[in-house]
Ligand code: ADP
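In my numbering, the protein residues as written are 14 to 378.
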């Protein structure tokens with residue numbers, strides 16, 4: 014059995030089911046991120062693992078023990094919330110030690126645990142301050158410290174960095190990554206931010222409308238999305254989608270006709286798709302070449318984002334009004350001008366009319 018397992022977990026509020034049978038396995042000392050659009054059920058799933066919400070059916074195991082009927086305090090978890098949930102009238106030390114005092118640990122053990130956590134989080138200097146005397150980043154560290162001292166089997170984080178400014182988020186992201194290796198901790202982390210998911214996770218679970226769309230390693234999801242939803246969610250700027258028609262299906266690949274009449278042979282297995290079917294061609298901005306590639310499409314430049322080391326050019330072309338192309342920092346591209354771009358056939362994804370990806374012919378993808 015895996016360290017954390019969810020089997021056929023369902024949840025309804027009234028007559029409305031919002032989690033539709035989730036199966037998940039998480040290994041010990043791994044970092045799993047639940048990601049998906051707002052309202053997809055990420056927090057609910059996390060709160061069910063924590064025991065803050067009941068499940069309607071299914072089971073949850075942590076460390077080999079069935080926990081779905083246990084109280085939150087009996088599950089061996091510690092949760093870190095977006096709004097920190099610190100007690101305003103208590104010092105940092107008292108906030109961090111609160112759970113240990115409730116558990117009647119000795120004063121000596123409490124001090125040792127708080128000091129160790131404070132040291133790891135570099136907040137030893139502020140143990141006597143109250144939350145209002147702290148910056149957002151410091152408050153977040155205190156909330157994490159309060160979780161660390163409890164030495165949980167699993168840390169649960171619910172959008173912990175959402176209240177921080179952009180620069181601090183990047184810094185805390187790195188700190189959390191460092192922390193999880195230092196603590197050898199098992200962590201589950203909820204975010205709507207796919208960059209956080211990509212940069213921190215060992216395993217990403219992409220949720221949509223209360224269902225798991227795909228679970229796997231970040232780069233596997235990036236390179237081999239199982240469906241159009243995952244393809245469009247993971248990656249920034251997002252994968253480009255073009256309407257196309259499948260004109261020939263053979264085991265060695267499919268041939269597509271694009272809206273502008275260009276044809277492209279893509280090394281994907283047709284599965285159940287057949288000639289005449291409408292399909293979607295997906296291609297990432299970095300897999301489009303200006304003036305090169307296997308199938309040419311002409312577009313009009315509608316915007317250029319220059320980031321210094323790289324640029325993104327957005328094109329209006331047949332089948333897409335915001336077709337993103339990754340290019341060099343100093344690429345020549347004037348808004349209103351026309352550019353010929355080419356799609357690299359081996360990098361194209363193809364989705365059938367139900368949005369499922371046609372599987373790749375290339376080994377390992
Ligand atoms: P996420 O964390 O992905 O934004 P949530 O888990 O908070 O999503 O919510 C999932 C769905 O469940 C949403 O449609 C939300 O409106 C609904 N929901 C959450 N909590 C309740 C509740 N207490 N009563 C009724 N519906 C709820």
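All C-beta atoms, glycine included, are put in the ideal place defined by N, C-alpha and C.
The distance from the Cβ of residue 171 to that of residue 203 is about 5 Å, consistent with a contact at the 8 Å cut-off.
Taking C-alpha positions only, residue 118 is separated from residue 148 by approximately 29 Å. For residue 235, the distance from the CB to the nearest heavy atom of ligand 1 is not below 7 Å. Taking 7 Å as the cut-off, the C-beta of residue 31 counts as close to a heavy atom of ligand 1. Within the same chain, 49, 53 and 242 come within 6 Å of residue 221 by CB-CB distance, once the 5 residues on both sides are set aside. Counting along the chain, residue 335 sits inside no alpha helix (DSSP H); it lies in the beta strand (DSSP E) bounded by residues 333-341.
Counting along the chain, no beta strand (DSSP E) covers residue 347, and no H or E run does either. The Cβ atoms of residue 63 and residue 85 lie closer than 8 Å to each other.
Counting only the Cα atoms, residue 88 lies some 28 Å from residue 136.
Of the residues 133, 121, 162 and 307, the one whose Cα lies closest to the Cα of residue 108 is 162. Ligand 1 has no heavy atom closer than 7 Å to the beta-carbon of residue 137. Straight-line spacing of the CA atoms in residue 217 and residue 270 works out to 34 Å.
Here residue 240 carries a strand assignment [DSSP, helix/strand/coil]. Relative to ligand 1, residue 55 has its C-beta within less than 7 Å of a heavy atom. The beta carbon of residue 190 is closer than 6 Å to those of 213 in its chain, skipping five residues each way along the sequence.
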